[in-house]
Amino acid sequence: MNQMLNNQSQRAQLPRLLMALPEDEVIGAAARFAEQYTIEDIKLPQAGLGLMQLKDSALQEGYFLGEIPLATAQVVLTDAQQNRTEGAAQIMHSEANLARAIAILDAVVSAKLTGHEGVAQLLARGLTVLTEQQSSRKKMLARTRVDFSLLSSAEEEDADE
Amino acid sequence: MGYVAIKGGGQAIRGAEDVLEALRASEGMEGAPLSIDAIENQLRLLTSRIVSEGGLYHPKLAALAIKQSQGDTLEAAFALRAYRSTMPRLMETQAQDTSKMRLIRRISSAFKDIPGGQMLGPTYDYALRLMRLDLTDESPEKFRDIARQFLEQTPEPNLPDTFPKVVEALREEGLLPQAEANEALPFDITREPLIFPVPRSAALATMARAETGSLLALAYSNMRGYGDVHPTIAELRVGYLPVMLPHPITGELTEAGEVLMTECEVVAMYEDDSNHGKPTFTLGYGACFGHNEVKAISMAILDRALQKGMKEGASNPSEDPEFVLLHVDGVDSMGFASHYKMPHYVTFQSDMDRLRTTQQKHEDSKNTKMGDAQ
């Protein structure tokens with residue numbers, strides 16, 4: 792998991808890490824930046840659906856498996872010196888407020904704005920949650936690894952006895 | 078058939094809602110309302126069924142739909158479909174790659190040894206179908222300890238995040254046809270009606286949100302002899318697929334969330350290439366939201382049967398795209414069956430009038446014949 796995170800940019804992993812945490816906490820963390828920055832919506836936060844396309848692994852043809860909840864937001868943060876930093880988020884969620892909060896934190900992290908260290912701590916906690924989640928899934932696999940072996944005729948006779 | 082509007086019954090309809098609510102809470106002072114989390118986790122296979130049949134991956138809303146419909150799967154899927162119809166479509170994703178699934182189960186009935194190994198995961202396949210009477214009086218303390226104990230007692234495994242696909246190994250050996258890139262825009266069944274012939278993408282999308290029992294019944298007809306797929310499961314996998322969307326500013330692929338899904342590839346009878354190429358096995362493919370293995374397997378069998386039907390004409394019902402695709406949707410079929418409960422007083426009155434007139438004519442004709450005979 793850690794290796795995977797190192798291989799991808801922090802910005803690309805940010806929504807996933809933040810969504811592993813309680814929603815209120817993420818929205819609260821983003822709200823604190825409103826004291827230091829003017830936050831404007833470049834695009835109105837929206838909640839709706841996305842149609843999810845897959846490629847079938849048999850014939851490699853695209854098809855739509857179904858829909859997923861989707862929330863999007865794009866914001867710009869302006870500081871007292873009129874420096875502008877954009878942030879955006881596109882997440883599988885039905886709350887536009889959460890997408891807006893993640894968009895704000897995306898701007899903070901990408902430009903290392905004042906207070907980004909606090910967000911880094913949130914990301915680290917998100918990583919811990921996801922690492923535990925992935926570990927528990929792997930344990931389900933490890934605990935049930937099966938090695939079917941063919942029954943020899945001698946064993947078959949034993950088994951019948 | 079003609080339909081007429083009716084009026085009245087508003088009070089009785091509100092009363093019916095009250096009766097439903099009263100029955101839901103009929104445990105009285107001893108009862109406690111079901112939490113959405115409890116439904117989502119403890120009835121996870123039911124929740125899985127609703128996310129796939131509702132066509133929307135939203136386990137929380139699916140659990141709510143199960144609660145409000147008091148466990149009726151068709152009503153729950155209907156509620157989820159109704160919800161989705163009120164929401165705006167924000168985007169169509171690019172094709173997601175299921176080889177990136179974070180698996181919790183992976184088996185093959187074609188090969189004993191598959192690259193990465195077989196792992197049974199959560200399954201009832203080898204369980205004894207005996208009643209677990211200990212669950213009738215389960216203590217909350219013991220219940221809360223089950224998952225913790227499982228995690229503590231299982232050592233930290235050294236496993237990769239993803240596993241290779243069995244069909245790709247078969248393809249590399251030349252036992253399957255080479256996949257050809259198909260960039261055609263998939264058919265969107267939520268926006269376009271099925272007018273036959275339809276492309277395979279329409280068939281896959283329709284079956285992915287079909288009612289499990291309907292899909293199983295038609296696939297079973299093929300298994301029992303009304304068809305000749307004779308499938309072997311190359312791979313059945315259950316896991317969480319990361320949904321990758323472009324970052325709105327950088328365009329970099331970013332994980333927006335993940336969906337639990339089931340995917341199955343079946344290998345069917347080999348066929349000679351009509352262009353005198355090398356004979357290869359043929360494949361059927363099934364997938365759905367949630368953990369629903371019977372649905373994915375049934376879909377894979379029907380996909381293979383429909384491929385044959387589309388290519389050579391249908392010899393059996395399960396090979397006929399129109400027969401299969403127009404009869405597997407739970408909301409459609411439940412709606413049609415349920416509409417017979419609505420008042421049909423005028424149409425039935427008309428039927429009775431016609432019958433009485435015909436009976437009178439029959440009687441008159443009989444009397445005339447008797448008169449002629451005398």
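Chains E and F are the protein sequences, given in the same order.
The first sequence begins at 792 in our numbering and counts up by one.
The second sequence begins at 78 in our numbering and counts up by one.
C-beta atoms are modelled at their ideal positions from N, C-alpha and C, and glycine is treated no differently.
Please read all numbers here as calculations on a predicted model, not as lab measurements.
Beta-carbon proximity check, residue i vs residue j, cutoff 8 Å
{"i": "ASN456(F)", "j": "THR339(F)", "result": "Nothing can be reported for residue 456(F), as the shown portion of chain F is limited to 78 through 451."}
{"i": "LEU507(F)", "j": "MET300(F)", "result": "Within the shown structure, residues of chain F are numbered from 78 to 451, placing residue 507(F) beyond reach of any answer."}
{"i": "GLY367(F)", "j": "LEU318(F)", "result": "no"}
{"i": "ARG183(F)", "j": "PHE240(F)", "result": "yes"}
{"i": "PHE939(E)", "j": "LYS242(F)", "result": "no"}
{"i": "GLY316(F)", "j": "ARG179(F)", "result": "yes"}
{"i": "ALA373(F)", "j": "GLY361(F)", "result": "no"}
{"i": "LEU932(E)", "j": "PRO237(F)", "result": "no"}
{"i": "ILE895(E)", "j": "GLN865(E)", "result": "no"}
{"i": "ALA139(F)", "j": "GLY132(F)", "result": "no"}
{"i": "GLY839(E)", "j": "LEU167(F)", "result": "yes"}
{"i": "ALA280(F)", "j": "SER375(F)", "result": "no"}
{"i": "THR357(F)", "j": "LEU253(F)", "result": "yes"}
Test: residue i CB closer than 8 Å to a CB of chain F
{"i": "GLY841(E)", "result": "yes"}
{"i": "PRO806(E)", "result": "yes"}
{"i": "PHE824(E)", "result": "no"}
{"i": "ASN793(E)", "result": "For ASN793(E), the pLDDT reaches just 46, beneath the cut-off of 50, and the residue's location in the model is therefore unreliable, leaving the point undetermined."}
{"i": "GLU814(E)", "result": "no"}
{"i": "LEU921(E)", "result": "no"}
{"i": "PRO836(E)", "result": "no"}
{"i": "LYS930(E)", "result": "yes"}
{"i": "ASP847(E)", "result": "yes"}
{"i": "ILE893(E)", "result": "no"}
{"i": "VAL887(E)", "result": "Here the sequence assigns Ala to residue 887(E), which means Val is not the residue at that position. No, ALA887(E) lies away from the interface with chain F (no Cβ there is under 8 Å from its Cβ)."}
{"i": "ILE830(E)", "result": "no"}
{"i": "SER943(E)", "result": "no"}
{"i": "GLN933(E)", "result": "The sequence as given places Ala at residue 933(E); Gln does not occur at that position. It does: the Cβ of ALA933(E) has a partner Cβ on chain F nearer than 8 Å."}
{"i": "ARG802(E)", "result": "yes"}
{"i": "THR863(E)", "result": "yes"}
{"i": "GLU852(E)", "result": "yes"}
{"i": "GLN872(E)", "result": "no"}
{"i": "ASN798(E)", "result": "Any answer about ASN798(E) is weak, because its pLDDT of 42 lies below 50 and its placement is not dependable; what the coordinates show is given next. Cβ-Cβ to chain F under 8 Å: no for ASN798(E)."}
Unbroken beta strand (DSSP E) run spanning residue i, endpoints
{"i": "GLN865(E)", "result": "853–869"}
{"i": "MET843(E)", "result": "829–846"}
{"i": "THR150(F)", "result": "Here THR150(F) belongs to no beta strand (DSSP E); instead the alpha helix (DSSP H) covers 150–162."}
{"i": "MET338(F)", "result": "330–348"}
{"i": "TYR362(F)", "result": "357–366"}
{"i": "TYR317(F)", "result": "309–323"}
Any C-beta of chain E under 8 Å from that of residue i
{"i": "THR170(F)", "result": "yes"}
{"i": "GLN437(F)", "result": "no"}
{"i": "ALA82(F)", "result": "no"}
{"i": "HIS135(F)", "result": "yes"}
{"i": "GLN195(F)", "result": "yes"}
{"i": "ALA258(F)", "result": "yes"}
{"i": "ARG209(F)", "result": "no"}
{"i": "ASP265(F)", "result": "yes"}
{"i": "GLU329(F)", "result": "yes"}
{"i": "VAL371(F)", "result": "no"}
{"i": "GLU364(F)", "result": "Looking at the sequence shown, residue 364(F) is not Glu but Ala. Yes, ALA364(F) lies at the interface with chain E (some Cβ there is under 8 Å from its Cβ)."}
{"i": "LEU383(F)", "result": "no"}
{"i": "GLY407(F)", "result": "no"}
Residue range of the alpha helix (DSSP H) that includes residue i
{"i": "TYR422(F)", "result": "422–450"}
{"i": "ALA803(E)", "result": "801–810"}
{"i": "MET387(F)", "result": "370–389"}
{"i": "LEU295(F)", "result": "289–301"}
Proximal residues of chain E, C-beta to C-beta of residue i below 7 Å
{"i": "ILE326(F)", "result": "GLU877 and ALA879"}
{"i": "ALA333(F)", "result": "PRO806, GLN881, ILE882 and MET883"}
Per-residue contacts from residue i into chain E (C-beta, under 8 Å)
{"i": "ARG155(F)", "result": "First, the residue type needs correcting, since residue 155(F) is Phe and not Arg in the sequence shown. Result: empty, since nearest Cβ-Cβ is about 15 Å, beyond 8 Å."}
{"i": "GLY132(F)", "result": "GLY857 and GLU858"}
{"i": "PRO165(F)", "result": "GLN837, GLY839 and LEU840"}
Under 9 Å by beta carbon: chain E residues contacting residue i
{"i": "VAL336(F)", "result": "MET843, LEU856, GLY857, ILE859 and MET883"}
{"i": "GLU249(F)", "result": "Ordered by position in chain E, no residue passes the 9 Å Cβ test against GLU249(F), which lies about 14 Å from the chain."}
{"i": "GLU342(F)", "result": "ASP847, SER848 and ALA849"}
{"i": "LEU205(F)", "result": "By Cβ distance, chain E contributes nothing, its closest Cβ being about 17 Å from LEU205(F), past 9 Å."}
Neighbouring residues, chain F, relative to residue i (Cβ below 7 Å)
{"i": "GLY917(E)", "result": "Near GLY917(E) there are no residues of chain F at all, since even the closest Cβ is about 12 Å away, more than 7 Å."}
Per-residue contacts from residue i into chain F (C-beta, under 9 Å)
{"i": "VAL937(E)", "result": "ILE184, GLY194, GLN195, MET196 and LEU197"}
Closer than 8 Å at the beta carbon, the chain F residues around residue i
{"i": "GLN925(E)", "result": "ARG179 and ASP238"}
**Request:** Please name the residues in the region 167–192 of chain F whose beta-carbon is closer than 9 Å to at least one beta-carbon of chain E, in chain order.
**Result:** LEU167, MET168, GLU169, THR170, GLN171, ALA172, GLN173, ASP174, THR175, SER176, ARG179, LEU180, ILE181, ARG182, ARG183, ILE184, LYS189 and ASP190
**Request:** Please name the residues in the region 277–298 of chain F whose beta-carbon is closer than 7 Å to at least one beta-carbon of chain E, in chain order.
**Result:** ARG277, SER278, LEU281, ALA282, ALA285 and ARG286
**Asked** Using a beta-carbon distance cut-off of less than 7 Å, what residues from the region 231–242 of chain F approach chain E?
**Response** THR231, GLU233, PRO234, LEU236, ASP238 and LYS242
**Prompt:** Can you list, in chain order, the residues of the region 297–314 of chain F whose Cβ is nearer than 8 Å to any Cβ on chain E?
**Reply:** none
**Request:** Pull out every residue of the region 104–128 of chain F whose Cβ sits closer than 7 Å to any Cβ of chain E, in chain order.
**Result:** none
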